[in-house]
Amino acid sequence: MKWTRRDLLLGLGGLPILGAVWWAGAATSVGSRNKRSEILEQLNIKPSLPPAVPGIGGEPVRIGIIGFGIRGEQLTRALGFATDEWKEEMRLEAEEDPNNKRLEDFEKQERLNVKLVGICDIFDVRAEKFINSFSTDDNQIKRYLTYKDMIQSGEVDAVVIATPDHWHAPMSIEALNNNVHVYVEKPMTHTIGETYALREAAEKSDAVFAVGHQHRQTLSFGTARDIVEKGTLGHVSLIQTNTNRNDDNGAWNYDIHEKASPDTIDWEQFLGSAPKVPFNKNHFFRWRKWWAYGSGLSGDLLTHDYDRLNCVLNMGIPASVSASGGIYTHNDGRNVPDVIQVNMEFPDYSTGSSQTKGKEKGMTFCYSATLGNGFNRPTILMGHDATMELGNRLTVWPDGSSTRYADMLEMEKMRPDVPIYQYDPAANATDAVSSATSQYFADKGLMWTYIDGVRVDSTFLHMREWLSVIKNGGNVSCGIKEGFDEAISAHMAGLSWKLGRKIEWNAARQTLKPIEGIDFDQVLLGNENWNMQPEMVG
0 MKWTRRDLLL GLGGLPILGA VWWAGAATSV GSRNKRSEIL EQLNIKPSLP
50 PAVPGIGGEP VRIGIIGFGI RGEQLTRALG FATDEWKEEM RLEAEEDPNN
100 KRLEDFEKQE RLNVKLVGIC DIFDVRAEKF INSFSTDDNQ IKRYLTYKDM
150 IQSGEVDAVV IATPDHWHAP MSIEALNNNV HVYVEKPMTH TIGETYALRE
200 AAEKSDAVFA VGHQHRQTLS FGTARDIVEK GTLGHVSLIQ TNTNRNDDNG
250 AWNYDIHEKA SPDTIDWEQF LGSAPKVPFN KNHFFRWRKW WAYGSGLSGD
300 LLTHDYDRLN CVLNMGIPAS VSASGGIYTH NDGRNVPDVI QVNMEFPDYS
350 TGSSQTKGKE KGMTFCYSAT LGNGFNRPTI LMGHDATMEL GNRLTVWPDG
400 SSTRYADMLE MEKMRPDVPI YQYDPAANAT DAVSSATSQY FADKGLMWTY
450 IDGVRVDSTF LHMREWLSVI KNGGNVSCGI KEGFDEAISA HMAGLSWKLG
500 RKIEWNAARQ TLKPIEGIDF DQVLLGNENW NMQPEMVG
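Following this line, the structure appears as structure tokens:
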């Protein structure tokens, strides 16, 4: 029997679930419905429902924002506060493109029980913009000249940290030591040493610590976890995930503000622990291009894919990491690579097997990225019994050599070229994706998810969860444990690229395996590409 796309769509009829699920099997006859029921029973997959989050009651949470650049503005909007400039820009964009619903979505967003009370930004223009946008007669926003002034003021309950990477850990540790709640952007840390120090501070503190991996709120990822846990894919031996960008903005060449100068930017405070260099607008606005302030493709973008797969597979820190690549698409003075290939090895990992016990064990996580091509390469989880393509929606195909589905394949109840499961939480919702860049972020779970067919900002859900835990107790979905796994794994990739050799993890001791004569933090912070200096790696 052969099934058409029309048969698949007809098979959707009468499925009372969140979003849309496509099942391989027609619904044009009793026999076909029986086949579909058999597949349903075989798979037993349940689309993920939104997690129940207790309300954020009582006195408003007093929040201070540290860093009001691109991401800082986005996080502030997720808390319910948008500048007039942004609203006007979105209004004009909606006039040009009626499918652009960003302003409409923001205005419909649930109001959180928070109060913005302070801003700390070392660029005067940004600090003034924050104050002018959000100060009211009964709530005058205070500017703090340093993050320590804000944290130690006693006037903030929580801080949102959206600064260059080299400031994430020092600011988080200071806040945790003062029992001030923390929401920090990824990567959680800039060095190996900071990663342990931050974990210790978080474990000792009474404050709630959350890392900004908002994709953990995306419904398709929760459904993917259910699929893996039920053995639908069989033993997953290979994961392929990617970053594909092909524009200057995606390569971190952000706009340089016309009012930027040594008079408007506290350059010494920006540098912090970084090497002391003269004032440089390029470094300030495009800091992601240098190891001294950022973490490159490994810390900035690999972390998205690693953590969203870790929330599905709970695979933890890899036993070893090997990385290669170079500066091949943007030779503009940067010293972080713009093309990278990372292989993470998990030799003891297993998702379960439908074959003889002991035959299958181990997995390779393969990440590749280029900032010189925007072709969409999906995330693929490859199992013995099925393959899953994972984005804001997910699709599962049976493998022609599957053990679990052998009988169904032989009887043509399943076919390798027809999905046995496709989940789209956006079904019946107006999709406002307006660019390839937006689609990239959407597929990573970084922009929005859908609840009952209504599009919701993933960052809003993630911050709401953090605020709810602050008020009601419980655990955040991405806390210090998850952040530690992410940071160590990303740093292993950065070290491997810089040293040109495999970096290994000792799971029993919870440390990187040492390399004689090598200081890992010195390597991470240095501007040199050590793989070009063989005498330094012994």
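Just so you know, we're using numbering that gives the first Met the number 0 here: the sequence shown kicks off at 0 and counts up by one.
By construction, the Cβ of each residue, glycine as well, lies at the ideal position given by its N, Cα and C atoms.
- Put simply, the backbone Cα of Asn313 is about 46 Å away from that of Glu257.
- Residue pairing for Ala368: DSSP places it in a beta bridge opposite Thr242, Ile339.
- Bounds of the alpha helix (DSSP H) holding Met89 are 83-95.
- Excluding residues up to 5 positions away in sequence, Gly117, Cys119, Met149 lie with their Cβ nearer than 6 Å to the Cβ of Tyr143 in the same chain.
- Around the beta carbon of Thr386, 16 or more other beta carbons sit within 10 angstroms, so the residue counts as buried.
- When only Cα atoms are considered, Ala368 and Leu300 end up about 9 Å apart.
- Rounded to whole angstroms, the separation of the alpha carbons of Ala81 and Arg110 is 12 Å.
- The Cβ atoms of Ile264 and Ile121 lie closer than 8 Å to each other.
- In this structure, the straight-line span from the alpha carbon of Leu102 to that of Phe67 is close to 20 Å.
- Taking 8 Å as the upper bound for CB-CB distance, Pro418 and Thr394 are in contact here, some 5 Å apart.
- Residue environment analysis places Lys275 among the exposed positions, since fewer than 16 neighbouring C-beta atoms fall within 10 angstroms of its C-beta.
- Of the candidates Asn342, Val207, Gly56, Asn176, the residue whose Cα lies closest to the Cα of Ile238 is Asn342.
- The bridge partners DSSP lists for Lys114 are Arg61.
- Taken through DSSP and simplified to helix, strand or coil, Lys141 comes out as strand.
- Per the DSSP secondary-structure output, Ile160 pairs in a beta bridge with Ile65, Val183.
- Within the region 361-422, the runs of alpha helix (DSSP H) that reach at least 4 residues and sit entirely inside it are, in chain order, 405-409.
- Nearest Cα to Leu494 within the set Gly482, Asn243, Asp520: Asp520.
- Annotated three-state conformation of Gly493 is helix, per DSSP.
- Looking at the DSSP output, Cys119 shares a beta bridge with Ile65.
- In the three-state reduction of the DSSP assignment, Val276 falls in the coil class.
- Between Asp484 and Ala492, the alpha-carbon positions lie close to 13 Å from each other.
- CA-to-CA, the gap between Ser467 and Leu460 works out to about 10 Å.
- By the criterion of a C-beta distance shorter than 7 Å, Val52 is surrounded in its chain by Arg463, Glu464, Ser467, once the five residues flanking it on both sides are discounted.
- Contact fails between the region 197-215 and the region 501-514, because fewer than three Cβ pairs, one in each stretch, are under 8 Å apart.
- With respect to the C-alpha of Arg500, the residue from Ala223, Gln340, Gly382, Ile469 having the closest C-alpha is Gln340.
- DSSP places Gly324 inside the beta strand (DSSP E), whose first and last residues are 319-325.
- In this structure Pro346 is in contact with Gly361, their Cβ atoms being roughly 4 Å apart against a cut-off of 8 Å.
- For Glu503, there is no enclosing alpha helix (DSSP H); the enclosing beta strand (DSSP E) has its first and last residue at 502-505.
- The beta carbon of Ile479 sits closer than 6 Å to those of Arg198, Ala201, Phe208, all from its chain and outside the five residues before and after it, given in chain order.
- When only Cα atoms are considered, Leu78 and Ser321 end up about 39 Å apart.
- Val207: not part of any alpha helix (DSSP H); DSSP gives it neither H nor E.
- Going by beta carbons, His189 and Ala174 fall outside the 8 Å limit.
- Val227 is not a Cβ neighbour of Glu481, given a cutoff of 8 Å.
- Ala489 and Ser323 have their C-alpha atoms spaced approximately 14 Å apart.
- Residue range 457-471 is occupied by the alpha helix (DSSP H) that includes Phe459.
- When DSSP reads this structure, Glu344 sits in a beta bridge with Ser319, Thr363.
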